[in-house]
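Encoded as structure tokens, the structure appears first; notes follow it.
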């Protein structure tokens, strides 16, 4: 190992120790108060819809996604839409090779980053199954770690799909985190009457900022027939995990079921929901 390599290794170790300490602070905060407060106000989802079913899963793999992980998610949740915060497009393409998702991988545009693409965090990617229809990418409301907005190519009642990854509430990122939550609040406030799904790693629970008082978007986990517990950290018991990975929907979408999955090497669980859309 040369002198330059030794210096680089020491720098990486210092960075890793700093991240570990920051994550400990984050963990204490989110684990101490993992659930939403009793005053949380969100719209109620629809009931009795007669439109088609749509299955959505969100999984922050920490950019470790493998073909085995993808197959496990497909076998267990069979998603029509898979939102992948922190997943490099090349890795996603390799992991999904040979699946039906191969032709429906949408990576984030530069416009999806509020402060430029940080090189140390992989972007957000959305993979869409052909049975969900054809989608095109549009400029999203940006977040620190990347957002993707997909609009249906045909007016067939398919929902707008937004994938996001916000900054975490670490001491040196608090301003970015608050700004991201405000941007999500803007997405909620300006949501159109058509169906919309917003999914991703929000690094927040329903007690944080605008998420505690949404107007058009409701958290599917609050309306599931059974309690799934949170998604982070995966090593904690269900009652102690913090629900920071979300699928939010507009009130015209019905929530049928929810589940969490342990997948691969990530410290996040995958969160999957089955929805029923309104009749077009």
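In the working numbering, the protein residues as written are 779 to 1058.
No residue lacks a Cβ here, since even glycine has one placed at the ideal position from N, Cα and C.
- Collapsing the DSSP output to three states places residue 1039 in a strand.
- Note on geometry: alpha-carbon atoms of residue 1033 and residue 916 lie some 26 Å from one another.
- In this structure the stretch 1002-1016 does not lie against the stretch 864-873, because fewer than three pairs of beta carbons, one per stretch, are closer than 8 Å.
- Taking a contact to require three or more Cβ pairs closer than 8 Å, the stretch 902-916 and the stretch 932-940 qualify as touching.
- Boundaries around residue 868 are those of the alpha helix (DSSP H), 867-873, since no beta strand (DSSP E) includes it.
- In the structure shown, the three-state DSSP call for residue 898 is coil.
- DSSP, reduced to helix, strand and coil, places residue 826 outside both helices and strands of the structure shown, so it counts as coil.
- Residue 946 and residue 1012 have their C-alpha atoms some 17 Å from each other.
- Relative to the Cα of residue 850, the nearest Cα in the group 1049, 1056, 1019 belongs to 1049.
- Secondary structure of residue 851 (DSSP, three-state): helix.
- Two segments are said to touch when three or more pairs of C-beta atoms, one from each, lie closer than 8 Å; by this definition the stretch 950-965 does not touch the stretch 823-833.
- Shown here for residue 1051: same chain residues with a beta carbon closer than 6 Å to its own, the five before and five after excluded, namely 834, 998, 1025, 1036 in chain order.
- If you look at residue 970, you'll find it isn't in any alpha helix (DSSP H); DSSP assigns it neither H nor E.
- Put simply, the stretch 855-862 does not touch the stretch 886-898. Fewer than three CB pairs are less than 8 Å apart.
- With contacts defined as CB atoms closer than 8 Å, residue 968 and residue 944 fail to qualify as a contacting pair.
- Within a 10 Å sphere around the beta-carbon of residue 919 sit 16 or more other beta-carbons, which makes this residue buried.
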